[in-house]
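Peer 1: Take any residue in the sequence shown, count from 1 to its spot, add 971: that is its number in the numbering used here. From the three backbone atoms N, C-alpha and C, an ideal C-beta is built for every residue, glycine too.
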Amino acid sequence: MGNDIDVHLGKRLRRRRRLLGLTQQQLAGTVGVRFQQIQKYECGANRISASRLWQLSEALEVPVGYFYDGLSDADRRELANQDSNEGGEMFARKETLDLIRAYYQLGERPRRRLLDLAKSLNGETDAA
């Protein structure tokens, strides 16, 4: 099994792939590997080379830095202590991904209004 950084990169890869609604097979075809290789990247069993990370970032339409987001020293210690955190599990749910996809299909103004609504609802439940 890979180290904490490999696992973190794999989780970010899986999260983005699912957010875009891509299968492992589709992503693999885009970057020129077999889907089993994507599986190994996603679980951290295989390390992602710099050139492959570049290809994946292009295919997933994110900067290379996206894969490293949230990887501070404190987060690395947390990753070492926990196999999965609630945030990762939350983004793995189909319902969450469906909501995010629907949100980004809206125009900018409706998105802002929906976000304001969600924040206000959260504020009401906190005050209750």
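Could you give the C-beta distance for leucine 1031 and arginine 988, rounded to a whole number, given that I count them as a contact under 8 Å?
Peer 2: Your numbering for residue 1031 matches position 60 in the sequence shown. Your numbering for residue 988 matches position 17 in the sequence shown. Confirmed, Cβ separation roughly 7 Å.
Peer 1: The alpha helix (DSSP H) that contains arginine 1005, what's its start and end?
Peer 2: For the purposes of this step, residue 1005 is taken as the residue at position 34 of the sequence shown. No alpha helix (DSSP H) holds arginine 1005; DSSP gives it neither H nor E.
Peer 1: Restricting to Cα atoms, I'd like to know which of Val978, Val1002, Thr994, Val1004 is closest to cysteine 1014.
Peer 2: Taking the first residue of the sequence shown as position 1, residue 1014 is located at position 43. Closest option to cysteine 1014, Cα to Cα, is Val978.
Peer 1: Considering valine 978, what are the terminal residues of the alpha helix (DSSP H) in which it resides?
Peer 2: By one-based count along the sequence shown, residue 978 stands at place 7. Per DSSP, valine 978 is one residue of the alpha helix (DSSP H) stretching across 975-990.
Peer 1: Count the other CB atoms within 10 Å of the CB of isoleucine 1019; is the residue buried (16 or more) or exposed (fewer)?
Peer 2: The count along the sequence shown starts at 1 and reaches residue 1019 at position 48. When all chains shown are included, isoleucine 1019 counts as buried.
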